[in-house]
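Enquirer: Residue numbers (the working numbering), protein chains in the order written: chain P, 34 to 576; chain U, 34 to 576.
A virtual CB, placed ideally from N, CA and C, is assigned to each residue, including glycine.
There are 2 protein chains.
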Amino acid sequence: MLGLMQNWPLLCHRIIDHAAIQHGCRPVISRSVEGPIHTTNYAEVRQRALKLAQRLERDGVQPGDRVATLAWNTWRHLEAWYGIIGIGAIYHTVNPRLFPEQISWIVNHAEDRVMMTDLTFLPLLEKLADKLPTVQRYIVLTDAKHMPQTTLKNAVPYEEYIAEADGDFQWKSFDENTACGMCYTSGTTGNPKGVLYSHRSNVLHAFMASLPDAKGIRACDVVMPVVPLFHANCWSLAFSTPMTGASMVMPGPKLDGPSVLELLEKYKVTFTAGVPTVWLMLLQELEKTGGKLPYLKRIVIGGSASPRAMTQTFQDKYGVEVIHAWGMTEMSPLGSLCTLKPEYQELSGDAKLDIQAKQGHPPFGVEMKITDDAGKKLPWDGKTFGRLKVRGPAVARRYFKDDTDILDEEGFFDTGDVATMDACGYMQITDRSKDVIKSGGEWISSIDLENLAVGHPKVAEAAVIGIRHPKWDERPLLVIVLKKDQQASKDDILGFMKDKIAKWWMPDDVAFVQEIPHTATGKIQKTVLREQFKDYRLPTAAA
Amino acid sequence: MLGLMQNWPLLCHRIIDHAAIQHGCRPVISRSVEGPIHTTNYAEVRQRALKLAQRLERDGVQPGDRVATLAWNTWRHLEAWYGIIGIGAIYHTVNPRLFPEQISWIVNHAEDRVMMTDLTFLPLLEKLADKLPTVQRYIVLTDAKHMPQTTLKNAVPYEEYIAEADGDFQWKSFDENTACGMCYTSGTTGNPKGVLYSHRSNVLHAFMASLPDAKGIRACDVVMPVVPLFHANCWSLAFSTPMTGASMVMPGPKLDGPSVLELLEKYKVTFTAGVPTVWLMLLQELEKTGGKLPYLKRIVIGGSASPRAMTQTFQDKYGVEVIHAWGMTEMSPLGSLCTLKPEYQELSGDAKLDIQAKQGHPPFGVEMKITDDAGKKLPWDGKTFGRLKVRGPAVARRYFKDDTDILDEEGFFDTGDVATMDACGYMQITDRSKDVIKSGGEWISSIDLENLAVGHPKVAEAAVIGIRHPKWDERPLLVIVLKKDQQASKDDILGFMKDKIAKWWMPDDVAFVQEIPHTATGKIQKTVLREQFKDYRLPTAAA
Numbered sequence: 034m035l036g037l038m039q040n041w042p043l044l045c046h047r048i049i050d051h052a053a054i055q056h057g058c059r060p061v062i063s064r065s066v067e068g069p070i071h072t073t074n075y076a077e078v079r080q081r082a083l084k085l086a087q088r089l090e091r092d093g094v095q096p097g098d099r100v101a102t103l104a105w106n107t108w109r110h111l112e113a114w115y116g117i118i119g120i121g122a123i124y125h126t127v128n129p130r131l132f133p134e135q136i137s138w139i140v141n142h143a144e145d146r147v148m149m150t151d152l153t154f155l156p157l158l159e160k161l162a163d164k165l166p167t168v169q170r171y172i173v174l175t176d177a178k179h180m181p182q183t184t185l186k187n188a189v190p191y192e193e194y195i196a197e198a199d200g201d202f203q204w205k206s207f208d209e210n211t212a213c214g215m216c217y218t219s220g221t222t223g224n225p226k227g228v229l230y231s232h233r234s235n236v237l238h239a240f241m242a243s244l245p246d247a248k249g250i251r252a253c254d255v256v257m258p259v260v261p262l263f264h265a266n267c268w269s270l271a272f273s274t275p276m277t278g279a280s281m282v283m284p285g286p287k288l289d290g291p292s293v294l295e296l297l298e299k300y301k302v303t304f305t306a307g308v309p310t311v312w313l314m315l316l317q318e319l320e321k322t323g324g325k326l327p328y329l330k331r332i333v334i335g336g337s338a339s340p341r342a343m344t345q346t347f348q349d350k351y352g353v354e355v356i357h358a359w360g361m362t363e364m365s366p367l368g369s370l371c372t373l374k375p376e377y378q379e380l381s382g383d384a385k386l387d388i389q390a391k392q393g394h395p396p397f398g399v400e401m402k403i404t405d406d407a408g409k410k411l412p413w414d415g416k417t418f419g420r421l422k423v424r425g426p427a428v429a430r431r432y433f434k435d436d437t438d439i440l441d442e443e444g445f446f447d448t449g450d451v452a453t454m455d456a457c458g459y460m461q462i463t464d465r466s467k468d469v470i471k472s473g474g475e476w477i478s479s480i481d482l483e484n485l486a487v488g489h490p491k492v493a494e495a496a497v498i499g500i501r502h503p504k505w506d507e508r509p510l511l512v513i514v515l516k517k518d519q520q521a522s523k524d525d526i527l528g529f530m531k532d533k534i535a536k537w538w539m540p541d542d543v544a545f546v547q548e549i550p551h552t553a554t555g556k557i558q559k560t561v562l563r564e565q566f567k568d569y570r571l572p573t574a575a576a
Numbered sequence: 034m035l036g037l038m039q040n041w042p043l044l045c046h047r048i049i050d051h052a053a054i055q056h057g058c059r060p061v062i063s064r065s066v067e068g069p070i071h072t073t074n075y076a077e078v079r080q081r082a083l084k085l086a087q088r089l090e091r092d093g094v095q096p097g098d099r100v101a102t103l104a105w106n107t108w109r110h111l112e113a114w115y116g117i118i119g120i121g122a123i124y125h126t127v128n129p130r131l132f133p134e135q136i137s138w139i140v141n142h143a144e145d146r147v148m149m150t151d152l153t154f155l156p157l158l159e160k161l162a163d164k165l166p167t168v169q170r171y172i173v174l175t176d177a178k179h180m181p182q183t184t185l186k187n188a189v190p191y192e193e194y195i196a197e198a199d200g201d202f203q204w205k206s207f208d209e210n211t212a213c214g215m216c217y218t219s220g221t222t223g224n225p226k227g228v229l230y231s232h233r234s235n236v237l238h239a240f241m242a243s244l245p246d247a248k249g250i251r252a253c254d255v256v257m258p259v260v261p262l263f264h265a266n267c268w269s270l271a272f273s274t275p276m277t278g279a280s281m282v283m284p285g286p287k288l289d290g291p292s293v294l295e296l297l298e299k300y301k302v303t304f305t306a307g308v309p310t311v312w313l314m315l316l317q318e319l320e321k322t323g324g325k326l327p328y329l330k331r332i333v334i335g336g337s338a339s340p341r342a343m344t345q346t347f348q349d350k351y352g353v354e355v356i357h358a359w360g361m362t363e364m365s366p367l368g369s370l371c372t373l374k375p376e377y378q379e380l381s382g383d384a385k386l387d388i389q390a391k392q393g394h395p396p397f398g399v400e401m402k403i404t405d406d407a408g409k410k411l412p413w414d415g416k417t418f419g420r421l422k423v424r425g426p427a428v429a430r431r432y433f434k435d436d437t438d439i440l441d442e443e444g445f446f447d448t449g450d451v452a453t454m455d456a457c458g459y460m461q462i463t464d465r466s467k468d469v470i471k472s473g474g475e476w477i478s479s480i481d482l483e484n485l486a487v488g489h490p491k492v493a494e495a496a497v498i499g500i501r502h503p504k505w506d507e508r509p510l511l512v513i514v515l516k517k518d519q520q521a522s523k524d525d526i527l528g529f530m531k532d533k534i535a536k537w538w539m540p541d542d543v544a545f546v547q548e549i550p551h552t553a554t555g556k557i558q559k560t561v562l563r564e565q566f567k568d569y570r571l572p573t574a575a576a
C-alpha cells in the first residue's frame, strides 16, 4: 500500500524559488571579475536565472545537454547553475586549475554544448577552442562594456544574452532523478571520471548538509563560499545557503589573504568554507596586519586535512569554531563533519584538538563501513584502519559513460581512502588505499609516516611509498626534500622518528631528493614517485 | 538523462539505524505507565524494534496492514513505531481522548489488525472490543508482572511477545512511497479522515523539521516530546530526534505541571514541544513553587495559538526561547515555525512579541499561498487574509479510502484556515475558513473578535458566528459566557470593543449563554452553535 502524500519532486530550482519567496531581499554580494563589488538578492538571482533558462531554451539547449561553466564564484555563476538546471540541462563545472589538455579532455568527454566562462579564462579557451568541437556557443560572464574581441564561436556577453529574454518563463518539471550537475574527479591516475548528480541527490544532500550538527546554516548567517563552485559541487553551498535563506558573499577571483579578509570584515561574514591553503594565506595576512575576525563564527575546513596548528589558531587566537570536514566529488561531496557530539562536548585543549583532527561523523543519509581487502567489516575502535566505503542517496553509483556500477555487493562505494572509525562514530582518514604500505599482511599508513617526518626541523617535504620486499611483500621507503641549505643523514631522520611509532612501521630506508612531483591541484603524485623508484632495492631486501 | 547516483530509498527505519550506529549510547528515558523511570538508548530501541518486527511478521502481519497504537509517549511506543514500519506495516496512532464511538469508528475504518495499548486503556478497550471485529490481537505495552486479567482477544504483554523473537532480523526494503503511518483528523464536522503518511514523506518532513531555523535539534540536545505520539504524528519528534541524535525524555502518562517540571529538571531537558494547555499547567506549577527552568533553551508551542502572555512569560521570566509553530495532521504536521529571520532579529519587547504571535514561516519543502474564494492569489502585506493553501512532499494528497484528490488545480491543499502572509513570508492564522464571517464580500475574522471580547474583565468565553443577513449576506453575532456571578449588558461589551476594531467588524448583536459547546479535544463547536442560533434574527436585519 502506498502513502497518500503529494507528488512533489525534489527539484533543485525549487530551492531558489524558496529563497526568492521566503528570503527574497537577502543580499547576494560578489566581488566581480571586472573588479567592483556587486550586490543583488535571491529574488533577482531567481528572476535572472529564469531569463537565462528561457534564453538557453530558445537557443536549442535540450534537457540532458551539458552546459560547462569555467568561472569563479559570483552571482552570475550562481544564476547560471539555476538557469541551466531549470530546463533540465546539466551544469558542468570545469576546474580552471587543471592542465589545458585535461580541460579539453573533460569538455570533449562531457560533450558540452555551451561554455559559460569568466573573462579570466578567455585566453585559455581561445587557445583550446579548436580542440572543443562540441561547444557551439561561448557565453562570457560579463556585460557589453567589458566584452573584449574574441575568436570564440558565437561569443556573447552574458548580460546581452539574458537581456534578450523577458523572464516570463516557468521552470520545467520532471522526474527528480533527472541529471542536474556534473563534476569530474581529478584523480592521480587514469583519465578524469565524471560524476553525474541528480536533482534528488543535490536536494537531499543540501538537507543533510544543512542539519544543525553538519553546517547548521541559519537565515541570520552570512555565508562566504571560498571553496569554488567548480570544486566538488561547491560543498553544497550553492544549494544549502539559499535553502536556509542565509546571505551570500561570493569572493570572485581573489582568494588571496588580503582580499578574503576584506570581505570577511566588510560584509560581516559569519560562516565560511574552503581548503587549508586558502586559510593559510588568511592566517598569514591576519598575522601580518594584526587583524581580527570579530564576525566569523564557524569555518569549514576540508579538501585536505586541516593541520592541527590551523585548527588551534582559528579557535584559540581568533575565536572561530573549526569544523573539519571530509568528502569526495563522488559524494556530492560531504561525507562527514567534525562537530562535537555530547561525548566530546566538554573537551578542551589538546584532547579537543585530537578529536578535531578526525574528519568527523556522517549525517543521516551517509552510511560508512571500513573493511579489509576481502571486504570483511572491521571494528570501530579508533585504531583499526581499513578501506572506507560509503552508501547513501547522494553517493555516486556509476561514472558518466561507464557501463558498470562501482558498488560492492552491499551497495557501498569504495572511497579509495583508508580510515579508522571510533566508538562514537567519528571517522579519521589514515591514508589512500593505493598508498598504504602492505607489510606482512598488516597495513602501514604512509600519511602518518609523512606527518611524522615533516616534524623534523630540517625536513621540507616527505613522501612515503611502498617498495617490493621478498619477505614482507612491501616495506616503506621515506622520500625526503630537505629545507634549503640543510643537511641530514638517514640516521638523523630515523632517529627522530624512533619511539614515536611501532617498530615495524619504521621506514626501511630514506631517499633524499631535490623535488617531489605534484599534480595540478597540489597533491603528491605517488604514481610518478613509485615509477621513479620502481627499481629501487631496499637495504633490507637481501636479508 | 538521469543522474548516476545511488538508489537509496528514504525509509523511516534507516533513521533508527542511523541513531543506533552514530548515537547508540544516547539515553532514551521514559516515565513508564507502571510508574518508575526507565532508561534505554537508541541501540537498544533499535534491537527491540527488530524483535517486534520479527515477531509481528511471524504473527502474519503483512506489508500494508495497519497496527493501531493507543499509548502514551514511552520507549515501548517508540519501538512499536519502528518495529511496525520496518516490515512495511503501518503504525496507526489512535487518540485516546476521542469519544469511544469515534475510536471504534476510526479503528473500523482503518481496519486495524493488531492493537498495541497501554495498561491505561484496557478498561476502555474491553468495553469497545465487541465493536472492533478487525482487531485479531491485543498487545499490552507492559511486562508479564504487570499484566492484568483481560477479556481482550489474544492479549499478550509486549515484553513476552518480543521475547519470543531473537532479533536476528533485517528490515524490509521497499519503495519509499510505501505507506508508513496513519493518523485521523478530529474534524469538527463529519467523520474523521485518515491521513496516510509514506516513508518518503516522513523522512523528508524530518529533514525539514530539523533545519536550524525550524526545530534545530542537535545531538547535544535533550528533547522531551510532551506532544503525544498520537497527536498529529508527534510533530515529527519520533523521527527528527533520532535523526539528529539527541537524547529523548518521554513523559509517559503524566502531563500535569509537577510531573513535567520534574522531568525537565531531573534530566536537564533543553528542548520540548507541546500544546498551550500543557504549558499553562507548567507555568502554574512554576509560579506555585517558585521553580526555574535553568536547562530548557527552546520550547515549541503549537496545536493552537500560543497566548501572548505565555510567550512573554517563558522568554522574559524563565529565559526560554519560544518557537510558535503551526501545522496540521495533513501536513505531517509542520507547516511553519516562528523563528526570527534577520529582518526581525533585533526586535525586543512588544515588537518581538508581535512577530512571535504569528505562526511563522515555512521551511524549504512547504509552499504557501493565500487566495480568495475564487482561488485568486492575494497579496503578502500582513493585512489581507485569505484561504491558506499548502503544497509539498509531506502534505496529504487524498484521504484514506477516498477516491478523489483534495488538491486545487495547482496541486495545493486547502488547510481550511484563513491567514495573512507578510512581506517577510510570515504567516498568521486569523480564522478557520468555515468560521470567517462574510459580510458584503469582505471577510471578518471571528477569532479576532473573540480574542478582543475575552479581554473584557467580565467575560469568561466568547464565540463569534455569522448570522444570515438580507443585505450583507452575513453579520457577526457575539456569543458570551460571563464569569461566575458577573453581569454585563450588550452595550457594556460592545462599548469595550469600540475603537479597537474597524466599525464594520462590530458584532450586530450579543447573546449571553450559560455554556458554549466544545469538542472532545476542547475546540469550540461552532457547527453546534450555528445550529442553536439558526433561527436567530439580528436586530439589524430589518433595517
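So if DSSP puts ASN74/U in a beta bridge, which residue, or which two residues, is it bridged to?
Expert: Translated into positions along the second sequence, residue 74/U becomes position 41. Looking at the DSSP assignment, ASN74/U forms a beta bridge with PRO60/U.
Enquirer: If you run the structure through DSSP and keep just helix, strand and coil, what is THR211/U?
Expert: By one-based count along the second sequence, residue 211/U stands at place 178. Reduced to three states, the DSSP call for THR211/U is strand.
Enquirer: Which residues, taken in chain order from the segment 412-438 of chain U, show a beta carbon closer than 8 Å to some beta carbon of chain P?
Expert: So the close ones are ARG424, GLY425, PRO426, ALA427, VAL428, ALA429, ARG430, ARG431, TYR432 and PHE433.
Enquirer: What are the uninterrupted segments assigned as alpha helix (DSSP H) that are 4 or more residues long and contained completely in the segment 195-260 of chain P, given in chain order?
Expert: Listed in chain order, the complete alpha helix (DSSP H) runs (minimum 4 residues) inside the segment 195-260 of chain P are 232-243.
Enquirer: Mind pulling the chain U residues with CB within less than 7 Å of SER231/P?
Expert: What you label residue 231/P is simply residue 198 of the first sequence in a count that begins at 1. Neighbours of SER231/P on chain U, chain order: LEU35, GLY36 and MET38.
Enquirer: Considering only the alpha carbon of each residue, which of PHE272/U, LYS516/U, GLY223/U and CYS253/U lies closest to LEU43/U?
Expert: The residue given as residue 43/U occupies position 10 in the second sequence. Per the Cα distances, PHE272/U.
Enquirer: Thinking C-beta only, is VAL423/P closer than 8 Å to MET454/P?
Expert: Here residue 454/P refers to the residue found at position 421 when the first sequence is read from its first residue. Here residue 423/P refers to the residue found at position 390 when the first sequence is read from its first residue. No.
Enquirer: Could you tell me the alpha carbon to alpha carbon distance between ILE563/U and GLU483/U, rounded to whole angstroms?
Expert: Sequence index remark: in the second sequence, residue 563/U carries index 530 (1-based). Sequence index remark: in the second sequence, residue 483/U carries index 450 (1-based). Note on identity: in this sequence residue 563/U is Arg, with Ile being the wrong assignment. Each residue's alpha carbon lies about 15 Å from the other.
Enquirer: What residues in the segment 354-365 of chain U have a beta carbon less than 7 Å from any beta carbon of chain P?
Expert: Cβ contacts with chain P: none found.
Enquirer: Take ALA456/U and list the residues in its own chain whose beta-carbon comes closer than 8 Å to its own, dropping the five residues that flank it on each side.
Expert: As a first step, residue 456/U must be located in the second sequence, where it is residue number 423. Taken in chain order, the residues that qualify are TRP413, ASP414 and GLY415.
Enquirer: Any beta carbon from chain U within less than 8 Å of GLN317/P's own beta carbon?
Expert: What you label residue 317/P is simply residue 284 of the first sequence in a count that begins at 1. Chain U, which has no Cβ nearer than 8 Å to the Cβ of GLN317/P, makes this no.
Enquirer: Identify the contact partners of SER243/P in chain U, using a Cβ-Cβ distance below 8 Å as the criterion.
Expert: On the first sequence, position 210 is the one that residue 243/P refers to. Result: LEU244 and PRO245.
Enquirer: Closest Cβ-Cβ distance between ARG251/P and chain U: below 8 Å?
Expert: Taking the first residue of the first sequence as position 1, residue 251/P is located at position 218. Yes, its Cβ sits closer than 8 Å to a Cβ of chain U.
Enquirer: Cβ of GLY290/P less than 8 Å from any chain U Cβ?
Expert: Here residue 290/P corresponds to residue number 257 of the first sequence, with the count starting at 1. By this cut-off, GLY290/P is not an interface position.
Enquirer: Which bits of chain P does TRP41/U rub up against, with CB to CB less than 7 Å?
Expert: As a first step, residue 41/U must be located in the second sequence, where it is residue number 8. Within 7 Å Cβ-Cβ: ARG424, GLY425 and PRO426.
Enquirer: Assuming VAL302/U and MET257/U make a contact with CB atoms under 8 Å, what is their CB distance in whole Å?
Expert: Taking the first residue of the second sequence as position 1, residue 302/U is located at position 269. Taking the first residue of the second sequence as position 1, residue 257/U is located at position 224. Their Cβ separation, rounded to whole angstroms, is 4 Å, which keeps VAL302/U and MET257/U in contact under 8 Å.
Enquirer: For my contact list, GLY278/P and HIS56/P are in at a C-beta cut-off of 8 Å; report their separation, rounded to the angstrom.
Expert: Residue 278/P sits at position 245 when you count from the first residue of the first sequence. Residue 56/P sits at position 23 when you count from the first residue of the first sequence. Yes, they are in contact, since the Cβ atoms of GLY278/P and HIS56/P sit about 3 Å apart, within 8 Å.
Enquirer: Going along chain U, which residues have a C-beta under 8 Å from GLY528/P?
Expert: As a first step, residue 528/P must be located in the first sequence, where it is residue number 495. Here the premise fails: no neighbours, minimum Cβ distance about 42 Å.
Enquirer: Within the continuous beta strand (DSSP E) that includes TRP114/P, where are the two ends?
Expert: Counted from its first residue, the first sequence places residue 114/P at position 81. Element bounds for TRP114/P: not the beta strand (DSSP E) but the alpha helix (DSSP H), 108-118.
Enquirer: For the segment 187-212 of chain U, enumerate the residues whose C-beta is nearer than 8 Å to any C-beta of chain P, in chain order.
Expert: Correct list: ASP208, ASN210, THR211 and ALA212.
Enquirer: Does any C-beta atom of chain P lie closer than 8 Å to the C-beta of GLY97/U?
Expert: For the purposes of this step, residue 97/U is taken as residue 64 along the second sequence, with counting starting at 1. Yes, GLY97/U lies at the interface with chain P (some Cβ there is under 8 Å from its Cβ).
Enquirer: How many Å lie between GLN547/P and LYS556/P at the Cα?
Expert: The sequence position of residue 547/P within the first sequence is 514, counting from 1. The sequence position of residue 556/P within the first sequence is 523, counting from 1. Taking the straight line from one Cα to the other gives about 17 Å.
Enquirer: For GLN55/U and chain P, any beta-carbon pair shorter than 8 Å?
Expert: Within the second sequence, residue 55/U is the residue found at index 22, counting from 1. GLN55/U counts as touching chain P.
Enquirer: Measure the C-alpha to C-alpha separation of VAL487/P and ALA493/P and round it to an integer number of angstroms.
Expert: Taking the first residue of the first sequence as 1, we reach residue 487/P at position 454. Taking the first residue of the first sequence as 1, we reach residue 493/P at position 460. Cα to Cα, VAL487/P sits roughly 6 Å from ALA493/P.
Enquirer: List the DSSP bridge partners of GLN461/P.
Expert: Position 428 of the first sequence, counted from the start, is the residue given in the question as residue 461/P. Beta-bridge pairing links GLN461/P to THR453/P.
Enquirer: HIS51/P touches chain U at which residues, Cβ-Cβ below 7 Å?
Expert: In the first sequence, residue 51/P corresponds to position 18, counting from 1. Simply PHE397.
Enquirer: Between the segment 295-313 of chain U and the segment 124-134 of chain U, do at least 3 Cβ pairs fall closer than 8 Å?
Expert: Too few Cβ pairs lie closer than 8 Å, so no.
Enquirer: According to DSSP, what are the bridge partners of HIS502/P?
Expert: Counted from its first residue, the first sequence places residue 502/P at position 469. Partner(s): ASP506/P.
Enquirer: Looking at chain U, which residues of the segment 372-384 of chain P have a Cβ within less than 9 Å of any of its Cβ atoms?
Expert: So the list reads THR372, LEU373, LYS374, PRO375, GLU376 and GLN378, given in the order they occur along the chain.
Enquirer: Assuming ARG64/U and MET283/U are in contact, meaning their beta carbons sit under 8 Å apart, how far apart are those beta carbons, in whole angstroms?
Expert: Residue 64/U sits at position 31 when you count from the first residue of the second sequence. Residue 283/U sits at position 250 when you count from the first residue of the second sequence. Rounded, the Cβ-Cβ distance is 7 Å, consistent with contact.
Enquirer: Are at least three pairs of beta-carbons, each pair with one atom in the segment 129-143 of chain U and one in the segment 80-96 of chain U, less than 8 Å apart?
Expert: They do not touch, by the three-pair rule.
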